[in-house]
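K.L.:
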Amino acid sequence: TTRTPQFLGLDASQSLFPDSTTASDVVVGVLDTGVWPESKSFDDAGLGPVPSSWKGECEAGNNFNTSHCNRKLIGARFFSKGYEGAFGPIVAKTESKSPRDDDGHGTHTSTTAAGSAVAEASLFGYAAGTARGMARHARVAAYKICWQGGCFSSDIVAAMDAAVKDGVNVLSMSIGGSVADYDRDSVAIGAFGAMTKGILVSCSAGNGGPSSMTLSNVAPWITTVGAGTLDREFPAYAMLGSGKNYSGVSLYSGKPFSDSSLVPLVYAANVSNSSYGNLCMTGSLIPAKVSGKIVVCDRGLNSRVQKGVVVKDAGGIGMILTNTDSYGEELVADTHLIPTVAVGQLTGDAIKKYILSDTKPTATITFAGTQLGVQPSPVVAAFSSRGPNPVTPDILKPDLIAPGVNILAGWTGAAGPTGLQEDTRRVSFNIVSGTSMSCPHVSGLAALVKGVHFDWSPAAVKSALMTTTYTTYKDGETIKDIATGRPSTPFDYGAGHVNPVAALDPGLVYDAGVDDYLGFLCALNYTSARIKTISQQDYTCESGKKYSLGDLNYPSFVVPLQTASGQGGGSSAATEVKYTRTLTNVGTPATYKASVSSKTRAVKITVEPESLTFSQTNEKKTFTVTFSASSMPSGTNEFARMEWSDGKHTVGSPIAISWT
Amino acid sequence: AVAEKKTYIVHMDKSTMPTSFTDHFEWYDSALKTVSDSGNMLYAYTDVIHGFSARLTADEAKSLESHPGVLSLLEEVKYELH
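Listed in order, the protein sequences are those of chains A and B. Under the working numbering, think of the first position of the first sequence as 479, with each following residue one higher. Under the working numbering, think of the first position of the second sequence as 84, with each following residue one higher.
1. How would you label Met95 (chain B), buried or exposed, when you count the other beta carbons within 10 angstroms and need 16 or more for buried?
2. Going along the chain, which residues of the segment 656-681 of chain A sit with their C-beta nearer than 9 Å to a C-beta in chain C?
3. Starting from the C-beta of Asn540 (chain A), find all residues in its chain whose C-beta is less than 6 Å away, skip the five residues before and the five after it, and write them out in chain order.
4. For the beta strand (DSSP E) that Ala1134 (chain A) lies in, which residues bound it at each end?
5. Just to confirm, is the Cβ distance from Val1055 (chain A) to Ala1134 (chain A) under 7 Å?
6. Identify every residue that forms a DSSP beta bridge with Trp1122 (chain A).
7. On the DSSP letters alone, give me the boundaries of the alpha helix (DSSP H) that Leu834 (chain A) sits inside.
8. When the distance is taken between beta carbons, is Pro765 (chain A) closer than 7 Å to Gly726 (chain A)?
9. Apart from the five residues on each side of it in sequence, which residues of its chain come closer than 7 Å, Cβ to Cβ, to Val890 (chain A)?
10. Would you mind sorting Ala1007 (chain A) into buried or exposed? The rule is 16 or more other CB atoms within 10 Å of its CB.
11. Skipping 5 residues on each side, what residues in its chain have a beta carbon closer than 8 Å to that of Tyr126 (chain B)?
12. Please confirm whether Val810 (chain A) has its beta-carbon closer than 7 Å to some beta-carbon of chain B.
13. Specify whether the segment 637-646 of chain A and the segment 910-929 of chain A touch according to this definition: at least 3 beta carbon pairs, one from each stretch, less than 8 Å apart.
14. Pick helix, strand or coil for Asn647 (chain A), following the three-state DSSP scheme.
15. Have a look at Ala942 (chain A) and Pro984 (chain A) and give me their C-alpha separation to the nearest angstrom.
16. For chain B, find out if any of its Cβ atoms is closer than 7 Å to the Cβ of Gly654 (chain A); answer yes or no.
17. Following the continuous alpha helix (DSSP H) through Phe108 (chain B), name the residue where it begins and the one where it ends.
18. Under the DSSP definition of a beta bridge, which residues are partnered with Pro713 (chain A)?
19. Please list, in chain order, the residues of the segment 1002-1027 of chain A that have any C-beta partner in chain B closer than 7 Å.
20. With three or more beta-carbon pairs closer than 8 Å as the criterion, would you say the segment 810-821 of chain A touches the segment 744-754 of chain A?
21. Between which two residues does the alpha helix (DSSP H) harbouring Phe485 (chain A) extend?
22. From Ser1093 (chain A) to Tyr1070 (chain A), what distance separates their C-alpha atoms?
23. Smallest Cα separation from Cys624 (chain A): which of A:Gly560, A:Ala841, A:Lys675?
24. What ranges does the alpha helix (DSSP H) occupy inside the segment 550-608 of chain A, keeping only unbroken runs of at least 4 residues that lie completely in it?
25. Here's the rule I'm using: 16 or more other beta-carbon atoms within 10 Å means buried, otherwise exposed. How should Gly1048 (chain A) be labelled?
26. Around the C-beta of Gln849 (chain A), are 16 or more other C-beta atoms found within 10 angstroms, so that it is buried, or is it exposed?
27. Identify, in the order they occur along the chain, each residue of the same chain with its Cβ nearer than 8 Å to the Cβ of Val744 (chain A), setting aside the five sequence neighbours on each side.
28. Our contact map puts Arg617 (chain A) next to Pro483 (chain A) with C-beta atoms below 8 Å; I'd like the distance itself, whole angstroms only.
29. For Lys550 (chain A), which residues of its own chain have a beta-carbon under 7 Å away from its beta-carbon, when the five flanking residues on both sides are left out?
30. By a C-beta neighbour count over all protein chains shown, 10 Å radius and 16 as the cutoff for buried, is Gly721 (chain A) buried or exposed?
31. Can you tell me where the beta strand (DSSP E) with Val703 (chain A) in it begins and where it stops?
32. Please name the residue or residues paired with Met95 (chain B) in a DSSP beta bridge.
33. Secondary structure at Cys1000 (chain A), three-state DSSP: helix, strand or coil?
34. Nearest to Gly706 (chain A) by CA position, among A:Thr1005, A:Thr1091, A:Ser935, A:Pro881, is which residue?
35. Could you compute how far the alpha carbon of Lys1099 (chain A) sits from the alpha carbon of Phe998 (chain A)?
36. For the putative contact between Cys1000 (chain A) and Tyr1032 (chain A), defined by C-beta atoms under 8 Å, what is the C-beta separation to the nearest angstrom?
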């Protein structure tokens, strides 16, 4: 990617990161749509031999042979039996029955995680710079599990099974399915198996935001990644006949309008016979009313770029893509086939008002390239799925956020940047958005941490990434939510925005192993058979033992409270909840002091002991957090933050308190 | 009428494998064959889970669920790119 290395402080802190020898022992496995091996991001110059522990393969198939792998792309496999079982045999004319990526998504995610550095990368000149993966010295193994018809669980589990056997260290999975209990969720089960072998599994949180409880991949042994913006935008402007000039974004690269040529402007809803005409669905526009005009289309239902094609097919010459209340002011730039500017809801409403008020509305669209240094940044992406955790509300998810908006990374040569069949353009890099893009950022950063601390467990790496995040801007204001324009909460950003330089030296970690997660399953009252389905182990929860979800050694805290019945939800009757956690010193001897910052008076939070002294590395110390809460109306959420600090390190944990 | 087949992931309790089987693949195959003559195993899983996936009718799946050593059956789920 371009820009994210600078945005995350990777470029400025090169000396802190592992040299190519150490880092290149780390293998990132990416389960996705496959790989485009010709991408320069898979150049293996400077990399030593493939790690001797690697047992993976480069599987030959349609348009792909074993020589497509090298010392960078060290593995490539494909899993299609489940897909073919449901859809019938793969037709080689339409998709490659091989690891080859016909879609682009898999090449984008794998190069984001661990692509080599490529100078002078850009998409039609946009987002120009040196593109590199987060762990640019790490090796990549691609596991193709997604096909034109979707990604099937039997193939996904087969790929996870193979990746574990092959010897990956980090698994990156930018996919999601419906919410299910952990023993009914194949990704959660597969991830548990991977975790037991020391593999960190990083998954996308989903794009169901800004609605609450829209998360996927929420098992506590998974690292769940939401999305935020960068300090980069691609401004474009809609100039109206009224003289008003509105800003939006665009990645359009074709012939622009001449600056002075105002052309007729129409709202799609007014030039269609369809009840959903405003959405510019295929065939919905009346060519006689659209020809030669700029069309305002509302976002939703069909893809953003498809709307441009619909306008073009009806004879339109430009498009203003307007957000509705589902998307607010979040602007997603696309490489449209006709001049297009995407604008927020407020701007969209103003433009529609102008169309209504003027007998001959006109407009033109101009493009302003790439803008850096945009503030505030990051902001939580509107599409990023939000908590509370729909399966176990007691575990805070997402775990953290990372860049996932307008990310430039490698792309397939088999499809255009819009993914539309009509798009015959071919690009080496593409700019796309989604938690699919934020997930491999964290996967790559986890590989970086793993390169420095090869002996750390997946939970320790995850803890390092989570406890070193930031939740405020330099001016002290909380990271904003673009969906509302207001400060976001841990239900939006989890522990905060990833900060990889700090994650290399977290000071302390909340470690957890298989037994901790088995205890968590006991706290969920899982039977031995259900536990075995997940863990492949015979494990019986101790009958006399009190298991508590809150005691899982997790780097964040959720306190679910019941509103006292019959007290009108406003009683001051206090509920006391105690959580125990254990910190492991992964730094030098030091004394850490606890502090809690909270804006709520409804909950008193105390930490005992308030100070922990570690005299050696790997020493463990236990502490208890007590939450004394008044009753609040059902649906109330309050947030706080706890930090342990020795003056050099800050080990931060978000706290969410919910009354139901 | 031919009953519609769907893919199921079958979770097996490897510790209960009868000693008459030399390896778990053989055991998985035997379990599958007891419910379906035409049962086609898609994958045998060995590392992240113990079990296999196969195309089965609903009746075959129900029957397999009660077979000794079967922990659970999960119907195929479609995931989407994010």
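Quick reminder that beta carbons are idealized off the backbone N, C-alpha and C, glycines included. For clarity, every value in this text was computed on a predicted model and none was experimentally measured.
P.N.:
Result, derived from the coordinates:
1. Walking along the second sequence from the start, residue 95 (chain B) turns up at place 12. Taking all protein chains in view, the Cβ of Met95 (chain B) is crowded by 16 or more other Cβ atoms within 10 Å, so the residue is classified as buried.
2. In the structure shown, chain C cannot be found, because the protein chains are A and B.
3. On the first sequence, position 62 is the one that residue 540 (chain A) refers to. Scanning its chain for C-beta atoms nearer than 6 Å, with the 5 sequence neighbours on each side dropped, one finds around Asn540 (chain A) the residues Ala570, Ser574, Lys575, Ser576, in chain order.
4. Locating residue 1134 (chain A) in the first sequence gives position 656, where the first residue counts as 1. Per DSSP, the unbroken beta strand (DSSP E) holding Ala1134 (chain A) starts and ends at 1128-1137.
5. The residue given as residue 1055 (chain A) occupies position 577 in the first sequence. The residue given as residue 1134 (chain A) occupies position 656 in the first sequence. The Cβ-Cβ distance between Val1055 (chain A) and Ala1134 (chain A) does not fall below 7 Å.
6. The count along the first sequence starts at 1 and reaches residue 1122 (chain A) at position 644. Residue pairing by DSSP puts Trp1122 (chain A) in a beta bridge opposite A:Ala1072, A:Val1129.
7. Locating residue 834 (chain A) in the first sequence gives position 356, counting from the first residue. 823-835 is the span of the alpha helix (DSSP H), which, as asked, contains Leu834 (chain A).
8. Your numbering for residue 726 (chain A) matches position 248 in the first sequence. Your numbering for residue 765 (chain A) matches position 287 in the first sequence. No, these two residues do not count as a Cβ contact at 7 Å.
9. Position 412 of the first sequence, counting from 1, holds the residue named residue 890 (chain A). It should be noted that the sequence gives Thr, not Val, for residue 890 (chain A). Only residues of its own chain outside the window of five on either side were considered, and among them Trp514, Asp579, Asp580, Asp581, Gly582, Thr585 have a CB closer than 7 Å to the CB of Thr890 (chain A), listed in chain order.
10. For the purposes of this step, residue 1007 (chain A) is identified with residue 529 of the first sequence, where counting begins at 1. Exposed, by the Cβ-count rule.
11. Within the second sequence, numbered from 1, the residue matching residue 126 (chain B) stands at position 43. These residues qualify, in order along the chain: Phe135, Ser136.
12. Counting from 1 along the first sequence, the entry for residue 810 (chain A) is found at position 332. With its beta carbon at least 7 Å from every one in chain B, Val810 (chain A) lies outside the interface.
13. The way I'd put it, the segment 637-646 of chain A doesn't touch the segment 910-929 of chain A; fewer than three beta-carbon pairs between them come closer than 8 Å.
14. Translated into positions along the first sequence, residue 647 (chain A) becomes position 169. Correct three-state label for Asn647 (chain A): coil.
15. By 1-based counting over the first sequence, the position of residue 942 (chain A) is 464. By 1-based counting over the first sequence, the position of residue 984 (chain A) is 506. Near 5 Å, if we compare the C-alpha coordinates of Pro984 (chain A) and Ala942 (chain A).
16. What you label residue 654 (chain A) is simply residue 176 of the first sequence in a count that begins at 1. Cβ-Cβ to chain B under 7 Å: yes for Gly654 (chain A).
17. Residue 108 (chain B) sits at position 25 when you count from the first residue of the second sequence. Segment 107-118, the alpha helix (DSSP H) holding Phe108 (chain B).
18. Translated into the one-based positions of the first sequence, residue 713 (chain A) becomes position 235. According to DSSP, which records beta bridges pairwise, Pro713 (chain A) is partnered with A:Val727.
19. Of all residues in the segment 1002-1027 of chain A, Ala1007, Lys1010, Thr1011, Gln1014, Asp1016 have a Cβ within less than 7 Å of some Cβ in chain B.
20. Contact between the segment 810-821 of chain A and the segment 744-754 of chain A is absent, because fewer than three Cβ pairs lie under 8 Å.
21. Translated into positions along the first sequence, residue 485 (chain A) becomes position 7. Per DSSP, Phe485 (chain A) belongs to the alpha helix (DSSP H) from 482-485.
22. As a working mapping, residue 1093 (chain A) is identified with position 615 in the first sequence. As a working mapping, residue 1070 (chain A) is identified with position 592 in the first sequence. Distance between Ser1093 (chain A) and Tyr1070 (chain A), taken at the CA atoms: about 11 Å.
23. Counted from its first residue, the first sequence places residue 624 (chain A) at position 146. Taking each of A:Gly560, A:Ala841, A:Lys675 in turn and checking the Cα distance to Cys624 (chain A), the smallest one comes out for A:Gly560.
24. Counting whole runs of 4 or more residues, the segment 550-608 of chain A contains the alpha helix (DSSP H) stretches 559-565, 583-592.
25. Indexing the first sequence from 1 puts residue 1048 (chain A) at position 570. Because the pLDDT of Gly1048 (chain A) is 45, which lies under 50, any placement of that residue in the model is unreliable, and the number read from its coordinates should be weighed accordingly. With fewer than 16 neighbouring CB atoms inside 10 Å of its own CB, Gly1048 (chain A) falls in the exposed class.
26. Locating residue 849 (chain A) in the first sequence gives position 371, counting from the first residue. By the neighbour-count criterion, in which a residue is buried when 16 or more other Cβ atoms sit within 10 angstroms of its Cβ, Gln849 (chain A) is exposed.
27. For the purposes of this step, residue 744 (chain A) is identified with residue 266 of the first sequence, where counting begins at 1. Closer than 8 Å at the Cβ level, and outside the excluded window around Val744 (chain A), lie Lys767, Val768, Lys771, Ile772, Val773, Val774, Ile833, Pro839.
28. Taking the first sequence and counting its residues from 1, one reaches residue 617 (chain A) at position 139. Taking the first sequence and counting its residues from 1, one reaches residue 483 (chain A) at position 5. Contact between Arg617 (chain A) and Pro483 (chain A) fails: their C-beta atoms lie close to 19 Å from each other, not under 8 Å.
29. As a working mapping, residue 550 (chain A) is identified with position 72 in the first sequence. Contacts found: Phe520, Asp521, Asp522, Leu525, Ser594, Arg617, Val618.
30. Counting from 1 along the first sequence, the entry for residue 721 (chain A) is found at position 243. Under this definition Gly721 (chain A) is an exposed residue.
31. Here residue 703 (chain A) refers to the residue found at position 225 of the first sequence. Boundaries of the beta strand (DSSP E) harbouring Val703 (chain A): 701-706, taken from the DSSP string.
32. To locate residue 95 (chain B), count along the second sequence from 1; it is residue 12. B:Val153.
33. Here residue 1000 (chain A) refers to the residue found at position 522 when the first sequence is read from its first residue. In the three-state scheme derived from DSSP, where H, G and I count as helix and E and B as strand, Cys1000 (chain A) is classed as helix.
34. Taking the first sequence and counting its residues from 1, the one referred to as residue 706 (chain A) is at position 228. Nearest option by C-alpha distance: A:Pro881.
35. Position 621 of the first sequence holds residue 1099 (chain A). Position 520 of the first sequence holds residue 998 (chain A). Near 20 Å, if we compare the C-alpha coordinates of Phe998 (chain A) and Lys1099 (chain A).
36. Numbered from 1 along the first sequence, position 522 holds the residue referred to as residue 1000 (chain A). Numbered from 1 along the first sequence, position 554 holds the residue referred to as residue 1032 (chain A). Actually they do not touch by this definition, with Cβ atoms about 15 Å apart.
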